[in-house]
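Written below as structure tokens is the structure these notes are about.
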Amino acid sequence: MAALGPMSESSGEPRRWLLKRIQTNWLIKANTSNSMSLHDDQIGVSDDAGIPEFEDDTSSDVDDSSATLTGLQVCDVLRQAAVDAVETQDWLSYATLLDIHLGADPDERYDEEEKTALLQTLNEVLVKYPQITYEIGWDLPAMLLEFANSRWLTNRLIESEGIMLVISVFGLLAKNGNPKEVFLRCCEMLAVLYRDPVPTAEELADYDDETREFVLAMPVRAYKMKYHLLVELMTASLRRIETNYPSRFLGMAISAFINFFDTAELYAGQVFFARRVYTFIRDYLPPPAPAEPQDDEEERLALVKVRETEEYLQRKMLRFFLSVAVEQTVSLYPTEWTLTYFQKIQGSKPLATVNDALGEMQSLDYSIREDSLEIVDRLVMLALSLDFDLEKMFLKELDATRLLFKSLDYTTSLDAQNDALFSLVIDNYNKTGLRKQPDSFDPSFIGVFLMFTHSLVHSYPDAKLSISPSDAIKMYIRFAIPGVIRGSTKIAFQDALLHLCWRAIYEWDGDAEADLRALEPILINTFLQVLTTESTSSVFRSKAKMILTLIAKVLTLVSEQTAWNYLHNSLETCPYEQVKPTFISLLKDLLLRTKPVSVDSLTQKVKAASLESKSTAPALPPRESYTYISLNADRQDQLEALVTTATEDLPTDQKDIDVLVAVQTVQTLLSYLNLLVFLREKFPNDRFVAIMEKISAKVAEYNNSVSEEANQERISKGFNIDLLTLAIDNINGATKKT
């Protein structure tokens, strides 16, 4: 056989062309070997075996170098090439050969039987030649993960021979591969691990319902399988690396995890990913250290000092990693912390909101409620084993929050205060807590806060958290605003902040009303505005109800002017038309509901009473009956202006109507009419009549301009302007009867 000379860099000869020549020679060897009926331990051909020379054909299509080979022929090539690689120590050529045959979409190139045979062959080669595993093992994970996209994943793993072979090869890499190279390769791959796209509707059209479910689940199952294999191989390789500086490798692993969480589609398996983090931290063992020098006492003492420092660093890094992992995985759970506490304060007869929320939680498409509770329980216990003092860490951050808001100047105009507040919070987000400092490895407060909240609700349900409502509001503003601006407030973190606010209002030992009335109005308004924004973006209707209930509770505690200003400004400028009917309902409640008489005020009056006899009988005490908001003349004008603006927003013709906006405008006006009906004794009748006449005129103008066909089409979409006429007729009819 003619010898192949070295490739000249100047010749421009493609490397793949040369490898085609090599693999063809290996195929000839393999075929000759098979014809001679050699046993496995006799594979090999002598130089005088009469093999014809390979003809140099530079005109052949290089890209088809492996297309003419069947899967079984490739198996023969891999076996013979392994023998030559061991003899020649040419590991790069063998690695490239594997890449050509195994690394390019095996599902398209081979059938199921061929893929199984290829993996069996690779497994046999690596078992027989551990040196190959050591030299090129770092290059195999990427190839092997291509097989994890196979239809094998539609079966149970134990029933899938191909997947079990992939797992077997990963086991050989963990046992015999070069630990440093394999570890680094796993870190690289984990950081950029992607999920295959979900099949389109056209691709699913030919499947029945049961098969369609399997096909839809395949990308997620493959995603989880790849993640599991890489993490297990990375962990096993880390334990085999001999080093005096294990923190460096631990840092690489943590960085790979965090990069994965930053880019991964975690909704596909939050609990699954969190469990692997839990086992990684729980089972972490430092890599073995090289033998200590026996003849150099100074060097030995220096190593002792290095190892003490390394132990400290590893512990600090594990604590950091746990908190960040909780932040990035648990934050996505639809937790029930606020719901659980809300149900507790409602007593034995919970409101409909609680029942609605329970129904929504139980109807989730993914059954992670029980699993998520279990894994968060375990993560909290793991944190305690790493000496996390969750309450102390929470209170430390609370002190930092108080200090942060003290730096704000509350003597300027409201607009200036608003700008300064947002700048303060965003700068804090960019410089401190939420942006982890890579050199300090301080635990993430968000992760700590999530674990602290979970332990309060589930581990210590009878514990009492004594934090003032004003402090809770400052915490909420500090941590919620960055998420609202980014549009990425995570479900569990928002739930924890809401839970904190509810606890502060109900569990603080002080006077919640006095505390909130002393709080700066800009903070109250910002807090309520952020809550309103969150209520409109919640995917759970019951959660929006609980947020709006919290808004109502706060409005009953703040000053009358603060409550009126917030509701008036919201109805005037809020861009979310869908929440205006709710705010009108809140306004009606505050205008009509009588405030409970304070026990302290009654006590003061009793103390001031005199028992001395007088010539005349004392006057009867006034029957105090105060509502939360009184409707004075200025507020009557403002209320009328709000109704007038909503009336003007009604469409007057059939051109360019946004049906959704029009429906919400009608709902808002119906809510205003309902409010004015209840305020008949407080709102001037002539103004009320004028408002109804304006609305009737608008409705008539619209009906005169729109065709019956167009009107019926809009009615079918939910827009029926005649509901306003019906409401006005009912009001007028009820007025005549009285």
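According to this note's numbering, the sequence shown holds residues 528 to 1265 in order. For each residue, glycine too, the CB sits at the ideal point set by N, CA and C.
Option nearest residue i by Cα separation, candidates the options
i	options	result
leucine 667	Gln607, Lys655, Leu760	Leu760
tyrosine 1155	Ile781, Glu1167, Arg1120	Arg1120
phenylalanine 848	Asp733, Phe799, Phe972	Phe972
alanine 999	Leu941, Asp736, Phe1067, Glu924	Glu924
valine 742	Met752, Cys1101, Glu730, Ser1065	Glu730
glycine 1268	Thr615, Leu645, Asp617	This structure gives no information on residue 1268, because the portion of the chain shown stretches from 528 to 1265.
leucine 1024	Glu1040, Gly974, Asp1036, Leu1046	Gly974
threonine 615	Glu1047, Ser782, Phe1020, Ile659	Ile659
leucine 1055	Val831, Leu1082, Ile994	Leu1082
glutamate 901	His985, Leu1187, Thr762	His985
glutamate 686	Thr643, Glu1175, Glu824, Glu651	Thr643
serine 1157	Arg1214, Val1106, Thr1089, Asp1185	Thr1089
aspartate 723	Phe788, Gln1105, Pro746	Pro746
phenylalanine 674	Glu651, Glu640, Tyr656	Glu640
valine 1267	Tyr621, Val613, Asp617	Outside the shown range of the chain, which is 528 to 1265, sits residue 1267, and nothing can be said about it.
proline 657	Asp632, Pro970, Ala612, Gly630	Ala612
cysteine 714	Lys751, Val696, Tyr750, Phe787	Phe787
tyrosine 1199	Phe1020, Asp1185, Thr1179, Ala1168	Ala1168
alanine 718	Trp1091, Lys753, Asn1159	Lys753
asparagine 955	Ser899, Lys1115, Phe932	Phe932
aspartate 976	Ala910, Asn1230, Leu1202, Gly630	Reading off the sequence, residue 976 comes out as phenylalanine, not aspartate. Measuring from the Cα of phenylalanine 976, the nearest candidate turns out to be Ala910.
asparagine 1247	Leu1202, Gln1194, Pro970, Leu1206	Gln1194
threonine 1179	Asp1161, Val1216, Val1233	Val1233
lysine 919	Leu951, Trp864, Thr980	Thr980
Proximity of residue i and residue j at Cβ, strictly below 8 Å
i	j	result
leucine 1197	leucine 1250	yes
leucine 653	leucine 699	yes
glycine 598	tyrosine 637	yes
serine 496	leucine 1043	The requested residue 496 does not occur in the structure, where the chain is confined to residues 528 to 1265.
isoleucine 785	lysine 707	no
leucine 605	glutamine 647	no
serine 670	aspartate 626	Looking at the sequence shown, residue 670 is not serine but methionine. Contact flag set, yes.
threonine 928	methionine 978	no
isoleucine 1074	serine 1062	yes
arginine 995	tryptophan 1035	The displayed chain sequence assigns serine, not arginine, to residue 995. Cβ distance < 8 Å, so serine 995 and tryptophan 1035 count as in contact.
arginine 846	phenylalanine 915	yes
threonine 1192	glutamate 1104	yes
alanine 1019	tyrosine 805	no
glutamine 1165	proline 1211	no
leucine 1177	tyrosine 1229	yes
asparagine 705	tyrosine 734	no
Contact set for residue i: own chain, Cβ-Cβ below 8 Å, skip 5 residues either direction
i	result
alanine 739	Note that residue 739 is arginine in the sequence shown here, rather than alanine. For arginine 739, where only same-chain residues beyond five positions count, the Cβ hits under 8 Å are Leu731.
isoleucine 953	Ile1008, Pro1009, Ile1012
phenylalanine 1110	Leu1094, Ser1097, Leu1098, Cys1101
threonine 1252	Ser1223, Val1226
threonine 1174	Leu1196, Ile1218, Lys1221, Ile1222, Lys1225
alanine 1045	Ser997
isoleucine 872	Trp1029, Tyr1033
glutamine 1021	Ala1007, Gly1010, Glu1061
Own chain partners of residue i with C-beta closer than 7 Å, once the 5 adjacent residues on each side are dropped
i	result
leucine 765	Phe710, Phe776, Ala780, Pro814
alanine 557	Only weak support exists for where alanine 557 lies, its pLDDT of 47 falling under 50; the value from the coordinates is given anyway. Taken in chain order, the residues that qualify are Asp603, Val604, Arg606, Gln607.
leucine 830	Asn771, Glu819
valine 1204	Ile1258
glycine 778	Met844
alanine 1254	Leu1197, Leu1200
valine 833	Asn771
Neighbourhood of residue i by C-beta distance below 6 Å, restricted to the same chain and skipping five residues each side
i	result
leucine 922	none
threonine 867	Val984
serine 1065	Ala1071
alanine 816	Asn771
aspartate 574	Caution applies to aspartate 574, whose pLDDT of 39 falls short of 50 and renders its modelled position unreliable; the value that the coordinates give is listed next. Hits under 6 Å: none found.
leucine 1079	Residue identity check: residue 1079 is alanine in the sequence provided, not leucine. Once the five neighbours on either side are set aside, the close Cβ partners of alanine 1079 are Leu1113.
histidine 755	none
threonine 862	Ala1019, Asp1022
Residue i Cβ short of 7 Å to the ligand NAD heavy atom set
i	result
isoleucine 808	Although the ligand NAD was asked about, the structure shown includes no ligands whatsoever.
Problem - At least 3 beta-carbon pairs within less than 8 Å: the stretch 762 to 782 vs the stretch 833 to 842 - result: Pairwise C-beta distances place the stretch 762 to 782 in contact with the stretch 833 to 842, as three or more of them are shorter than 8 Å.
Problem - the stretch 981 to 989 touching the stretch 1002 to 1015, judged by at least three CB pairs closer than 8 Å - result: As far as the Cβ criterion goes, the stretch 981 to 989 does not touch the stretch 1002 to 1015, which means the pair count is below three.
Problem - Given 8 Å, three or more beta-carbon pairs between the stretch 810 to 825 and the stretch 931 to 948 - result: Below 8 Å, too few C-beta pairs join the stretch 810 to 825 and the stretch 931 to 948 to call them touching: fewer than three.
Practice task
Specify whether the stretch 895 to 914 and the stretch 848 to 858 touch according to this definition: at least 3 beta carbon pairs, one from each stretch, less than 8 Å apart.
Solution key: Contact between the stretch 895 to 914 and the stretch 848 to 858 is present: 3 or more CB-CB pairs across the two stretches fall below 8 Å.
Exercise for the section: Just list the beta strand (DSSP E) runs in the stretch 772 to 844, keeping only unbroken ones of 3 residues or longer that don't cross its boundaries, in chain order. Expected result: The stretch 772 to 844 contains no whole beta strand (DSSP E) run of 3 or more residues.
Handout entry: Contained alpha helix (DSSP H) runs [length at least 4] in the stretch 914 to 951, N- to C-terminal order
Key = Within the stretch 914 to 951, the complete alpha helix (DSSP H) runs of at least 4 residues are 917 to 933.
Practice task
Quick one: which unbroken alpha helix (DSSP H) runs of 4-plus residues sit fully inside the stretch 1024 to 1070? Chain order, please.
Solution key: Taken in chain order, the complete alpha helix (DSSP H) segments of 4 residues or longer contained in the stretch 1024 to 1070 are 1039 to 1044, 1048 to 1064.
Handout entry: Residue ranges of each beta strand (DSSP E) within the stretch 592 to 640, 3 or longer
Key = Along the stretch 592 to 640, the beta strand (DSSP E) does not occur as any fully enclosed run of 3 or more residues.
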